Amino acid sequence: MAAPEQLFCWEGDFGLPSVTTDCLTVLAYVQFAGAPLKVHKISNPWKSPSGSLPALRTNQNETLSRPSDIIIHLRKQKYNADYDLSAKEGADSLAFISLLEEKLLPALVNLLVVVDGKNFVDVTRRWFAEHLPFPLSLVLPGRMQRRESERLRLLRGEEHMEAEETLEKELLRDAAECMNLLSQRLGQSQFFFGDSPSSLDAFVFGHLAPVLKIKLPNGKLQQHLQTLDNLCGFCSNILQLYFPRNSAAPASSDDDHVPYKRRKQLLSVVVAMGAMLMYALFTGILSISVQQGALEEPPDEEPETHEREHEQ
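Position 40 of the sequence shown, counted from 1, bears residue number 40 in full-length UniProt numbering, the numbering being contiguous throughout.
Here it is, written out as structure tokens:
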């Protein structure tokens, strides 16, 4: 019997099984389809076979990173959450997934990473800095912000990026319209297409769950989502049915594990200072001069005293 394929995802927090949209989407689909994967929840993307998360390592020694590619692969392995959809429902599913990526995803990128600096500094960068190993914790948050900024620039254009206030209003408007359409399509149903979840449910959960569960200084998008009771219930229902251990866990707050965080931050500072000192010594930026007389034996010292000084 073949060994199970391996899925690598960011670890969970805030009452969620993972902390990124892509990882949440993939984890939800795996649960919906009943795919027997070995899941590794980690806080170091360098431990992933692709160097990024999520990543699926297949039995054919392929590594897949995009949620759509992972889902297509699982369908080929007969783990298909869309098996019972009609042709029309399949087309509707693709249309709504495209709507999510065009209207809601840019707002999420802006909200957590790009334009809204307070959310990025107080929540996103802080979380990754506290969970990533040193020195990756100093590098990856900034690299992620630059990558997502470029992604948003390609979606919206250079002229929109310069007018931050206008850009934020446009993104919030588009995201709210997308949420309203999703709410209308869901209605009073448990899932978007009947009594069983599909890939659309996985994508919607992946995009909405972070908005619902992560407490942000700028919570405008969260406030709009909270007015749509059926979408909030949809996310909570999936957490309770498919991720019960996470749904029972309280969302993290700023006061959680404060002593541990302070020790970790202090250790990072000490290690960083040590690394900079060693670099300065090896490159010649800093030198240590020792006077010759300091190593000479004092004339009247006892042998024991001389030995102790030499050891120092």
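The C-beta atom is built at its ideal place from N, Cα and C for all residues, glycine as well.
Keep in mind it's a predicted model, so treat the numbers as computed, not measured.
In terms of Cβ geometry, P17 and L7 do not form a close pair [threshold 8 Å]. For the pair E102 and F120, the Cα-to-Cα distance works out to about 22 Å. D82 sits buried, since 16 or more C-beta atoms from the chains shown fall within 10 Å of its C-beta. The DSSP assignment places 67-76 and 87-99 as complete runs of the alpha helix (DSSP H) inside the stretch 62-101, in order along the chain (cut-off: 4 residues). By the Cβ rule, the stretch 196-214 counts as touching the stretch 237-247, because three or more pairs are nearer than 8 Å.
Within the model, the alpha-carbon separation for C232 versus R125 is close to 26 Å.
In the three-state reduction of the DSSP assignment, G194 falls in the strand class, which pools E and B.
Nearest neighbour of N230 by Cα position, chosen from A87, S189 and L221, turns out to be S189. In this structure A175 touches L104 by the C-beta definition: roughly 5 Å separates them, less than 8 Å.
Contact annotation, E148 with V109: C-beta distance approximately 5 Å; criterion of less than 8 Å satisfied. The stretch 128-139 makes no contact with the stretch 89-103, as fewer than three CB pairs between them are under 8 Å. Collapsing the DSSP output to three states places K213 in a helix. For S137, the CB contacts under 6 Å within the same chain, skipping 5 residues up- and downstream, are A129 in chain order. With fewer than 16 other CB atoms across the displayed protein chains lying within 10 angstroms of its CB, D69 is exposed. Within 10 angstroms of the beta-carbon of N246 lie 16 or more other beta-carbons, which makes it buried.
For K220, the uninterrupted alpha helix (DSSP H) segment begins and ends at K220 to Q226.
Per DSSP, the continuous beta strand (DSSP E) segment holding W10 begins and ends at Q6 to W10.
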